[in-house]
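Reading through the structure tokens given below for one structure.
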Amino acid sequence: MMSKLRALDNRRLGFLSGIGDRWHALPKPWRIAFGLAFVVFLFALPRINIPFFRTVETDFTTVLWTVAIYVLVAVGLNVVIGLAGLLDLGYIGFFAVGAYSVALFGSPQSVLATKYPWLVCVPIAIALTMLSGVLLGWPTLRVRGDYLAIVTLGFGELIRLIAEKGDALTNGPRGIAEIPYPPGKWPAGVNSEWTGLDMFGPVTSLGWYWLTLVLVIVCMWAARRIEHSRVGRAWLAIREDEDAAEIMGVQAFRFKLWAFAIGAALGGLSGAIFAGKQNFMSSGSFELMTSILFVAMVVIGGSGNLAGVTLGAILVWYLPFKLQDFNITIDGERINFTEYRLLLFGLALIVIMTFRPQGLLPKRYRSSQPPAAAKEEVPV
Amino acid sequence: MQFEYWLDNFWSLTVGGLTQGAIYALVALGYTLVYGVLRLINFAHSEVFMIGTFAVPIAWTAIGYGRDAHPSGLGSVVLLFAVGLIAAALASAATAMLVERVAYRPLRPKNPPSLIFLITAIGASVVLSEAVGLLVKRKPMGAMTLIQPKEVFTIFGTSVDNVQLLVVGAAIGMMLLLDQFINRTRAGRGVRAVAQNPDAAALMGVNRDRIILMIFMLGGIMAGGAALLYMIKVGSTKYDAGFLLGVKAFAAAVLGGIGNLRGALLGGLLLGVVENWGAGLIGDKWIDATAFVVLVVILMFRPTGLLGESLGRARA
């Protein structure tokens, strides 16, 4: 039974890598054309009526936006877990710092009362989260890897505690409302009902979905560039063997701190978008269990691989919404699938780590050896 | 800062801290045992404790002592204490052994990096707490008051009641039993051997898998004891009651020197006291933040903890 499943999964992987090979074999203009077509498809997705794929129960555009924002989170967390190999269990802390920065600097209700517009708040949020990443990383990145997980967990909980108990600053569970959003009005011709209304206002999530999608694409491109740069190679070396990397002259601590800061900045950016879209921020949005879901989406999808973590984010955030549509009942009680989400993805973590630790879409490494040298390799 | 308040209530804060710290210490023993032998953090240990806390009121209700019962007489109290202890220890030990079988043993032959074990343990922890949460519909569960708090004596003007005495005494007693077991029995020698050098121990005929399973079981029994004391002291539990206590107990284990049994006791008691002082100084609502700050400070200045890490080297 087990071996059959394994064989089936190997065939699935073979199929996937076959697709990957074909893709890389395509001439570059074709790849660019297909890539652009896919991006256009993603932008049009809320208006295309694909049967079955569309969610009925929840507004489909909002679902797409939710998935997009968590793909952004996954891209950021992937830098920390997938590339640098640091298990960060408190990533929600950075998300929260980003969200609260926007709320505190932007909302007229906050104690700071600076009332900066959203576009000014975002760089502040990114700077503050980077700073908090460095402040957290400075003392803790020197300790052994498995301690880091607990310390970051503590950090996430600490941020939540400050959000909940620091009434003077965050207004606790009552929260901060009137968080600003980006400027812009819907032009005529998109939808007659929206013309002249705020593009990022409460009337529709479409503007936010498009904005988030643009940021996801930009951040993915940037993450790929970093991965293939000197910094990315240093991360890979540290992840595989920190001592060996140190001996080869890689300053492990410095690069780990960079990974932490960059990951934190992306978390802060997603938090800033989240705050602007929600328009309201309270301590209830940052449960630590969400942080475990963040880790689950990176690890289940395939840490280190951008396509993998995207798949992970889709599984964790789209699937419960879709399952909601089927209206399954047990003993006359309607099943709420978001209730079961943690249970299912907890199980998935155990199963995936036991049978395929690389995740559903494993990362493929290009051989850095020249082909001739690879042939000479002596089997051990 | 409420320095005045802290000074006025110094001894009552200390006594309260010691009581809470005794429970941390018992849970910390579980982390320390597993870390000492496997060099891995058993993230699911907080859930092992949580399931123990649920076992106590379930067992008491099963023998006719529901939420509102009032046991009278020393005999019935002792009997109920024993029933609660056995139920919690059984439930916790069974959970810990299940975690070992599901999240640790299948991976061990592949010898993966410790990060992989940590993720399966996180998975196990989430599954256990969510499963219990769904079973009890995320409602809290209360137990009867086994012992009415009654002042026994006063020290420096602070009254010490019987519950506090019982909690600290029972925790130290269990810890001493465990210490003797590890240091004096044949099985304990096996534990120390595997902790020191697993390969050499295997060559000398120690069954490594059995020792590891036993380690989880012992940690589970200690967590069961902690669960009973927690229910006597606090009186009610929730499906997520383990999480925060687990992180604090881990902090306690690191504080005393993870892998060191006596360190876990010292770390637990110390963390409880420091936490209570912190709460007295800067306000009650920050009590949960103190443990994290202590953890970070310890990792910065003395990552091996106060007594150093040594399960293998203790009486080598």
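The listed protein sequences correspond, in order, to chains D and R.
Residue 359 in my numbering sits at position 359 of the first sequence, with consecutive numbering throughout.
Just add 1000 to the spot in the second sequence (first one is 1) and you have my numbering.
Note that beta-carbon positions come from the ideal geometry of N, C-alpha and C, so glycine has one too.
Quick caveat: nothing in here was measured; it's all calculated off a predicted structure.
Residue i vs residue j beta-carbon contact at 9 angstroms
{"i": "G1263 (chain R)", "j": "L1307 (chain R)", "result": "yes"}
{"i": "V111 (chain D)", "j": "G271 (chain D)", "result": "no"}
{"i": "M1097 (chain R)", "j": "M1217 (chain R)", "result": "yes"}
{"i": "G1190 (chain R)", "j": "G1030 (chain R)", "result": "no"}
{"i": "T310 (chain D)", "j": "G301 (chain D)", "result": "yes"}
{"i": "A1249 (chain R)", "j": "V1294 (chain R)", "result": "no"}
{"i": "N191 (chain D)", "j": "S282 (chain D)", "result": "no"}
{"i": "T1014 (chain R)", "j": "G1052 (chain R)", "result": "no"}
{"i": "G1142 (chain R)", "j": "P1057 (chain R)", "result": "yes"}
{"i": "L1128 (chain R)", "j": "V1163 (chain R)", "result": "no"}
{"i": "G277 (chain D)", "j": "S205 (chain D)", "result": "Checking the sequence, you will find Lys at residue 277 (chain D) rather than Gly. In contact: K277 (chain D) and S205 (chain D) (Cβ atoms closer than 9 angstroms)."}
{"i": "G438 (chain D)", "j": "M297 (chain D)", "result": "With chain D covering 1 to 380 only, the question about residue 438 (chain D) has no answer from this structure."}
{"i": "D146 (chain D)", "j": "S1114 (chain R)", "result": "yes"}
{"i": "V56 (chain D)", "j": "I314 (chain D)", "result": "no"}
{"i": "A163 (chain D)", "j": "F286 (chain D)", "result": "yes"}
{"i": "G1283 (chain R)", "j": "G1036 (chain R)", "result": "no"}
{"i": "L1318 (chain R)", "j": "I1232 (chain R)", "result": "The question about residue 1318 (chain R) has no answer here: the residues shown for chain R are numbered 1001 through 1316."}
{"i": "A1089 (chain R)", "j": "I1221 (chain R)", "result": "yes"}
{"i": "L161 (chain D)", "j": "D1288 (chain R)", "result": "yes"}
{"i": "A261 (chain D)", "j": "I238 (chain D)", "result": "no"}
{"i": "V1234 (chain R)", "j": "A1291 (chain R)", "result": "no"}
{"i": "Y318 (chain D)", "j": "V63 (chain D)", "result": "yes"}
Endpoints, the alpha helix (DSSP H) within which residue i is located
{"i": "S17 (chain D)", "result": "M2 to A25"}
{"i": "V120 (chain D)", "result": "W118 to T140"}
{"i": "V298 (chain D)", "result": "L288 to G301"}
{"i": "D88 (chain D)", "result": "No alpha helix (DSSP H) holds D88 (chain D); DSSP gives it neither H nor E."}
{"i": "A1055 (chain R)", "result": "H1045 to A1062"}
{"i": "M248 (chain D)", "result": "Element bounds for M248 (chain D): n/a, residue is neither H nor E."}
{"i": "P29 (chain D)", "result": "K28 to A44"}
{"i": "I217 (chain D)", "result": "L206 to E227"}
{"i": "R1192 (chain R)", "result": "R1186 to Q1196"}
{"i": "K322 (chain D)", "result": "L319 to Q324"}
{"i": "E240 (chain D)", "result": "R230 to E240"}
{"i": "Y1104 (chain R)", "result": "Counting along the chain, Y1104 (chain R) falls outside any alpha helix (DSSP H), and DSSP gives it neither H nor E."}
{"i": "G1123 (chain R)", "result": "S1114 to L1135"}
{"i": "L1266 (chain R)", "result": "L1261 to I1282"}
{"i": "S1012 (chain R)", "result": "F1010 to L1038"}
Where the beta strand (DSSP E) containing residue i begins and where it ends
{"i": "I1155 (chain R)", "result": "E1151 to I1155"}
Cross-chain neighbours of residue i in chain D, by beta carbon under 7 angstroms
{"i": "I1116 (chain R)", "result": "M353 and P357"}
{"i": "F1250 (chain R)", "result": "I150"}
{"i": "E1130 (chain R)", "result": "L342, L343 and G346"}
Beta-carbon neighbours of residue i, restricted to chain D and to distances below 9 angstroms
{"i": "L1281 (chain R)", "result": "Near L1281 (chain R) there are no residues of chain D at all, since even the closest Cβ is about 15 angstroms away, more than 9 angstroms."}
{"i": "V1037 (chain R)", "result": "Neighbours of V1037 (chain R) on chain D: none; closest Cβ ~15 angstroms, over 9 angstroms."}
{"i": "A1103 (chain R)", "result": "I350, M353 and T354"}
{"i": "P1112 (chain R)", "result": "M353 and P357"}
Strand pairing of residue i, partner residues [DSSP]
{"i": "M1141 (chain R)", "result": "R:T1237"}
{"i": "S1159 (chain R)", "result": "R:T1154"}
{"i": "M281 (chain D)", "result": "D:I176"}
{"i": "K185 (chain D)", "result": "D:D198"}
{"i": "R334 (chain D)", "result": "D:T329"}
Interface partners of residue i on chain R, CB under 8 angstroms
{"i": "F165 (chain D)", "result": "As written in the sequence, residue 165 (chain D) is Lys, which differs from the Phe given in the question. Result: K1285 and W1286."}
{"i": "P139 (chain D)", "result": "V1296, L1299 and M1300"}
{"i": "E339 (chain D)", "result": "L1134"}
Whole-Å CB distance - residue i paired with residue j, under 8 angstroms assumed
{"i": "S303 (chain D)", "j": "N49 (chain D)", "result": "The Cβ separation is near 34 angstroms, so there is no contact."}
{"i": "F321 (chain D)", "j": "T58 (chain D)", "result": "5 angstroms"}
{"i": "I1119 (chain R)", "j": "I292 (chain D)", "result": "Actually they do not touch by this definition, with Cβ atoms about 10 angstroms apart."}
{"i": "G263 (chain D)", "j": "V134 (chain D)", "result": "The Cβ separation is near 11 angstroms, so there is no contact."}
{"i": "L1203 (chain R)", "j": "T1032 (chain R)", "result": "Not quite, the Cβ-Cβ distance comes to about 26 angstroms (not below 8 angstroms), so this is no contact."}
{"i": "L89 (chain D)", "j": "T152 (chain D)", "result": "5 angstroms"}
{"i": "W1006 (chain R)", "j": "W1277 (chain R)", "result": "7 angstroms"}
{"i": "I179 (chain D)", "j": "S107 (chain D)", "result": "5 angstroms"}
{"i": "P1140 (chain R)", "j": "K1238 (chain R)", "result": "5 angstroms"}
{"i": "L83 (chain D)", "j": "W235 (chain D)", "result": "5 angstroms"}
Closer than 8 angstroms at the beta carbon, the chain D residues around residue i
{"i": "V1126 (chain R)", "result": "M289, I292, L342, L343, F345, G346 and L349"}
{"i": "L1107 (chain R)", "result": "M353 and T354"}
{"i": "V1234 (chain R)", "result": "Going along chain D, no residue has its Cβ under 8 angstroms from V1234 (chain R), so there is no contact; the nearest lies around 20 angstroms."}
Under 9 angstroms from the C-beta of residue i: neighbouring residues of chain R
{"i": "L161 (chain D)", "result": "K1285, W1286, D1288, A1289 and F1292"}
Residues that residue i contacts on chain R, provided the C-beta gap is smaller than 7 angstroms
{"i": "P320 (chain D)", "result": "The contacting residues do not exist; P320 (chain D) stays about 14 angstroms from chain R at best."}
{"i": "G82 (chain D)", "result": "Here the premise fails: no neighbours, minimum Cβ distance about 12 angstroms."}
{"i": "V384 (chain D)", "result": "Any answer about residue 384 (chain D) is impossible in this case: the structure gives chain D only from 1 up to 380."}
{"i": "L153 (chain D)", "result": "V1247"}
{"i": "L158 (chain D)", "result": "A1289 and F1292"}
Item to check | Residues in the segment 1296-1308 of chain R having any Cβ partner in chain C nearer than 8 angstroms | outcome: No chain C is present in this structure, whose protein chains are D and R.
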